[in-house]
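K.L.:
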Amino acid sequence: MEEIEETLLTNNVGFIISTNKCFLDIELIHNFLSKDSYWVNGITKELVISSIENSILCYGIYEGNPNDGSAKQVGFARIVSDIVRFSWLGDVFILPEYRGRGLSKWLMTVITEHPKLKGTSFQLATKDAHSLYAQYGFKPLGQIENRMARPLNWETVYEGYKINK
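Counting from 0, one number per residue, gives the positions in the sequence shown under numbering that gives the first Met the number 0.
#1: Work out the CA separation of residue 146 and residue 120 for me, nearest whole Å.
#2: To the nearest angstrom, report how far apart residue 48 and residue 97 are at their CA atoms.
#3: Where residue 117 and residue 74 are concerned, what is the direct C-alpha to C-alpha distance, given to the nearest angstrom?
#4: Which residue comes first and which comes last in the beta strand (DSSP E) that contains residue 76?
#5: I need the DSSP call for residue 112, collapsed to helix, strand or coil.
#6: Would you mind stating whether residue 16 and residue 109 have Cβ atoms separated by less than 8 Å?
#7: Give the DSSP-derived three-state secondary structure of residue 105 in the structure shown.
#8: Using a threshold of 7 Å, is the CB atom of residue 63 nearer than that to any non-hydrogen atom of the ligand FAD?
#9: Count the other C-beta atoms from every protein chain shown that fall within 10 angstroms of the C-beta of residue 133, then say buried if there are 16 or more, exposed otherwise.
#10: Could you give the DSSP three-state label for residue 155: helix, strand or coil?
#11: Candidates 157, 4 and 112: which alpha carbon is nearest residue 136's?
#12: Check for me: the alpha helix (DSSP H) holding residue 62 runs from which residue to which?
#13: Any idea what DSSP makes of residue 36, helix, strand or coil?
#14: DSSP three-state call for residue 91: helix, strand or coil?
#15: Determine the burial state of residue 85: buried for a count of at least 16 other Cβ atoms within 10 Å of its Cβ, exposed for fewer.
#16: When burial is assigned at 16 or more other CB atoms within 10 Å of the CB, is residue 155 buried or exposed?
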């Protein structure tokens with residue numbers, strides 16, 4: 000399997016983006032996704048952990064430096080990809096108290112400019128952030144009549160993980 004080099008970038012106002020999964024605050028990510036997101040509201044911590052483990056890249060945004068243990072995670076995004084033809088962006092969020100500081104735009108720039116992702120067919124789903132993603136080349140799907148999807152079935156997912164819900 001292709002190794003992806005770890006990314007660690009600092010902006011000029013004390014925030015850092017890292018792709019090191021060891022720095023991720025699983026409690027914070029689970030809390031946001033399960034309580035504050037519209038796309039996976041109610042998701043179990045076990046499934047959040049599995050989704051992170053099985054994603055090729057996860058991006059954390061931190062206030063402070065996660066290398067020295069003084070950082071607070073304030074944002075997240077994860078990528079599912081074969082890093083050749085297909086990439087999917089999901090679970091993107093910035094904590095409400097950190098919005099309006101340009102962090103989501105910085106995160107999207109870092110993600111879409113990744114040398115192994117930027118040429119891939121990049122997809123995502125959003126209910127309310129179309130204008131943000133359009134700035135980074137995302138467009139409504141073309142030839143929709145040629146595309147198909149099998150709907151998500153949470154009951155079957157939980158069965159597969161042997162989770163009683």
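Note that beta-carbon positions come from the ideal geometry of N, C-alpha and C, so glycine has one too. Since we're looking at a predicted model, the values are computed, not measured.
P.N.:
In this structure, then:
#1: 13 Å
#2: Roughly 24 Å separates the two Cα atoms.
#3: 21 Å
#4: 71 to 80
#5: coil
#6: yes
#7: helix
#8: In the structure shown, the ligand FAD is absent, as is every other ligand, since no ligand is present at all.
#9: Residue 133 counts as exposed, since fewer than 16 other C-beta atoms from the protein chains shown sit within 10 angstroms of its C-beta.
#10: helix
#11: 112
#12: Here residue 62 belongs to no alpha helix (DSSP H); instead the beta strand (DSSP E) covers 56 to 62.
#13: coil
#14: Note: residue 91 maps to strand in three-state DSSP.
#15: exposed
#16: exposed
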